[in-house]
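Residue numbers (the numbering used here), protein chains in the order written: chain A, 1 to 220; chain B, 221 to 621.
In what follows, a single structure is set out as structure tokens and then discussed.
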Amino acid sequence: LSDQIKIKYGKPVLFVFEGLDKIDLGQGKDIFIDRSQTISGFRASAIFLMPIGLRYTPQFSTVTQYFKHYSLSNIKLHTSKNQPYPEGRAKLHELIAQRIDPFLFAGNALDEAITASGGLIRTLIALIRDAAVNAVVRESEKIESVDVRSAIASLRGDFIAMLETRHYPILKARYEDKNLDSDQETQELLESLALLEYDNDTFWCDVHPIVLPVVLERTK
Amino acid sequence: MADLAVQDLPEPSNSYSNDLSKLLVLINSARRGFWAFAIYNNVVAREEVIETVKRTVSPLPVFDWTYSPENSYPASYLKSLTEEQKRERAVVFFFDLERGGTDAWKSLDYSRETLASHPHALIFWTTSKGRTDAARKAPHFWAQRSGVLDFTISVPVEQHRELMGSWAGQPVEVATYADAERQLRLFLGLLDEYRALPDAPLETIAQLDGKVGWLFDFLDRREEAVSCLEEQIEIARQLGLTELEAEALTNLAIVERIRTGRPKAIELLEQALILSSFPMLIAKIKQNLGEVIYLYGESDRSLNLLNEALKLFKQIGDNLGQANVLKAIGDVQSFRDEKDEALKSYDEALKLFKQVGSNLGQANVLKAIGDVQSFRKEMDEALKSYDEALKLFKQVGDNLG
């Protein structure tokens, strides 16, 4: 098919396989590890979305033999040594400014949302959307801290519902050492976003800021 | 069932009005598709929220989708919509997905893009446990949610029990398939709530099993109907409630008649007949026995049983019971090639179904009249009868009819 397209249009072909990041890790191994040779055999370029957990499996080296891989990590707001990283914060400010007029935020509301997002764009957008709904319900013309805090509390409730007792000590340990590893529980926590992955020179992780107070409270 | 208005619902101590406002803001402001999860711990309160949303967003169309083993993937709601409805804004409530287990949840991840591609507000009703399941089993879908609204209520235990009791005691009254689905949701929810109580009242559970079983059967979900009715029989035996056992056996026979065939149904009805001493139940048992046995060549005995049932329903003053029996008598007469007599019985049945306002009953009789007219090659009359029946089946929402 790609040859025919190439001949007809005289242009290179790129296939994009979406949605494969949503499959279970087991199915991911079936496709990307057991059949890596087959699926990399196209006479065309291809982009596959892959379950993030695969990167931490012992067999990931098989994937790296056949594919060039890129990771879309979260935007860090601090370094692994807990030093502030203003570039990350500025990037998120810029991103939000492209979607919503910054004058719609009162006081520190936007900064609070950015801090609580942990640099995870998905969380940031969800927090701002929830905060905006809260502001509309209050009949306020601006999103205020109270709206953001209510959105944070709601999201924290979702994390509490999702996490099991056994997860809290692991989260505490990752908060302290920032180390990523391939064990099952760490993978579960990355998938649930209770742990967030970052990179600079090396990959590291931290507890999602929204869930951190609960982790510290429950591991006293 | 009487209208499920909830004027008797006590004022919840942790009012969910703020979350209701948030839900309405989301629905009113979103021009593209989105989804949200609505958490509940009380089915009555859930129905109240639904009614309020329906009233408030009107004339925006509101659709319901309920999990069943035959219809287990939420994206299937699109199949029931026209192309225009798919393009227009609408609210869709999803119920009972957590009864479907991992596969049903996981399907949300796989169909996320499909679900996002229509301008519909998709509201998934779940318990707190369902919220956890959604987050763990459909993480990609969950991650793209537009909100989690908390409609749980907290009322004193005794008051809550009183409320549950008053709702569990409501009779089943079905005018349309949508009614049946709504009542099934309510009674199934109550059944879950009762089963979760540390000192679950068995008799109430058995009564609810009967209602849920009947509704499952009405909606052609026979495996689930059998499971509820078998539990009802077991509890009735355990508590020594012979009339309840007889009623459950009768209802199970009605289901088994279609599911596994007539011998099993006859066996169950004969057991029920021995147990019951209530005229109404005896009439119902005899009616069903009569309806089952004529196809085995026992049409004389069948007519005798049906006439005995008719007499009992007349004595009690039950017009719907009489109408059902007259329709059954007409079927036996038609089977015996006594077409004139059959038409006479059908006419009487039709009058009674009209009196009691049963559209489904009228539709079934009109179809039977059409069959006789068609057999007699009276094609114009037959078409007229079928046409009337079709209109009524459509009103009821009976696609099979």
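Even for Gly, the Cβ is constructed at its ideal location relative to N, Cα and C.
Original post:
Any idea what DSSP makes of F105 (chain A), helix, strand or coil?
Top reply: strand
Original post:
Of all Cβ atoms in chain B, is any one closer than 8 Å to the Cβ of S192 (chain A)?
Top reply: yes
Original post:
What's the C-alpha gap between R138 (chain A) and E423 (chain B)?
Top reply: 47 Å
Original post:
Got a sec: is the Cβ-Cβ distance from K29 (chain A) to anything in chain B below 8 Å?
Top reply: no
**OP:** Can you pull the chain A residues whose beta carbon is under 8 Å from the beta carbon of N238 (chain B), in chain order?
**Re:** V137
Original post:
Where A420 (chain B) and L495 (chain B) are concerned, what is the direct C-alpha to C-alpha distance, given to the nearest angstrom?
Top reply: 26 Å
Subject >> Where L240 (chain B) falls: helix, strand or coil (DSSP) >> reply: helix
**OP:** Could you have a look at A416 (chain B) and say whether DSSP puts it in helix, strand or coil?
**Re:** In the structure shown, A416 (chain B) adopts coil according to DSSP, grouped into three states.
Subject >> Closest Cα partner of A588 (chain B) within the set B:V576, B:Q575, B:L546, B:D370 >> reply: B:L546
Original post:
With distances taken between CB atoms, is the gap from V592 (chain B) to S565 (chain B) smaller than 8 Å?
Top reply: no
**OP:** Step through the CB atoms of chain A and report whether any lies within less than 8 Å of the CB of D567 (chain B).
**Re:** Closer than 8 Å to the CB of D567 (chain B) there is not a single CB belonging to chain A.
Original post:
Mind pulling the chain B residues with CB within less than 8 Å of A161 (chain A)?
Top reply: S348, R351, T352, A355
Subject >> For A258 (chain B), the residue or residues it bridges with in DSSP >> reply: B:W345, B:L369
Subject >> Own chain residues within Cβ distance below 7 Å of I474 (chain B), not counting five before or after >> reply: Closer than 7 Å at the Cβ level, and outside the excluded window around I474 (chain B), lie D437, N508.
Original post:
Does F573 (chain B) get closer than 8 Å to chain A when you measure Cβ to Cβ?
Top reply: Judged by the 8 Å Cβ criterion, F573 (chain B) is not in contact with chain A.
Original post:
What's the gap between the Cα of T372 (chain B) and the Cα of V312 (chain B)?
Top reply: 20 Å
**OP:** Spatial neighbours of P169 (chain A) within its chain, please: CB distance less than 8 Å, with the 5 preceding and 5 following residues excluded, ordered by chain position.
**Re:** T219
Original post:
Rounded C-beta distance between L435 (chain B) and V392 (chain B)? I'm assuming under 8 Å.
Top reply: Rounded, the Cβ-Cβ distance is 6 Å, consistent with contact.
Original post:
Alpha carbon to alpha carbon, what distance is there between A194 (chain A) and L171 (chain A)?
Top reply: 8 Å
Original post:
How about the segment 385 to 400 of chain B and the segment 243 to 251 of chain B: do they share at least three Cβ pairs that are nearer than 8 Å?
Top reply: no
Original post:
Do A151 (chain A) and L127 (chain A) have their CB atoms nearer than 8 Å?
Top reply: yes
Original post:
Is the shortest distance between the beta-carbon of D600 (chain B) and the beta-carbons of chain A less than 8 Å?
Top reply: no
Original post:
Would you say L280 (chain B) and F314 (chain B) are within 8 Å of each other, going by their C-beta atoms?
Top reply: F314 (chain B) is positioned such that its CB atom lies no closer than 8 Å to that of L280 (chain B).
Original post:
Can you tell which of A:D177, A:A44, A:D158, A:L77 has its C-alpha closest to the C-alpha of L1 (chain A)?
Top reply: A:A44
Subject >> Inside the segment 4 to 50 of chain A only - beta strand (DSSP E) runs reaching at least 3 residues >> reply: 14 to 17, 45 to 48
**OP:** Could you tell me which chain C residues have their CB closer than 7 Å to the CB of K142 (chain A), listed as they occur along the chain?
**Re:** Here chain C cannot be found, since the structure's protein chains are A and B.
Original post:
Using a Cβ cut-off of 7 Å, which residues of the segment 113 to 132 of chain A contact any Cβ in chain B, in chain order?
Top reply: Taking 7 Å as the Cβ-Cβ cut-off against chain B, the residues of the segment 113 to 132 of chain A that qualify are R122, R129, D130.
Original post:
In the structure shown, what three-state DSSP assignment does L229 (chain B) receive?
Top reply: Low confidence applies here, because L229 (chain B) scores a pLDDT of 42, under 50, leaving its location unreliable and the question unanswered by this model.
Original post:
Taking the Cβ atom as the reference point for each residue, do L501 (chain B) and N539 (chain B) lie within a distance shorter than 8 Å?
Top reply: no
Original post:
With distances taken from CA atoms, which of A:K68, A:P86, A:L72 is nearest H221 (chain A)?
Top reply: Because chain A in this structure spans residues 1 to 220, residue 221 (chain A) falls outside the shown range and cannot be described.
**OP:** Examine the Cβ distances between the segment 392 to 412 of chain B and the segment 362 to 381 of chain B and report whether three or more of them are shorter than 8 Å.
**Re:** no
Subject >> Segment contact flag, the segment 24 to 37 of chain A with the segment 152 to 166 of chain A, C-beta cutoff 8 Å, min 3 pairs >> reply: No, they do not touch.
**OP:** Output the distance between the C-alpha atoms of G53 (chain A) and Q187 (chain A), rounded to the nearest integer angstrom.
**Re:** 6 Å
Original post:
Does DSSP put H69 (chain A) in a helix, in a strand, or in coil?
Top reply: In this structure, H69 (chain A) counts as coil in the three-state DSSP scheme.
Subject >> Same chain, Cβ closer than 6 Å to S447 (chain B), five either side skipped, listed in chain order >> reply: none
Original post:
Just checking, does the segment 142 to 158 of chain A make contact with the segment 108 to 115 of chain A on the three C-beta pairs under 8 Å criterion?
Top reply: yes
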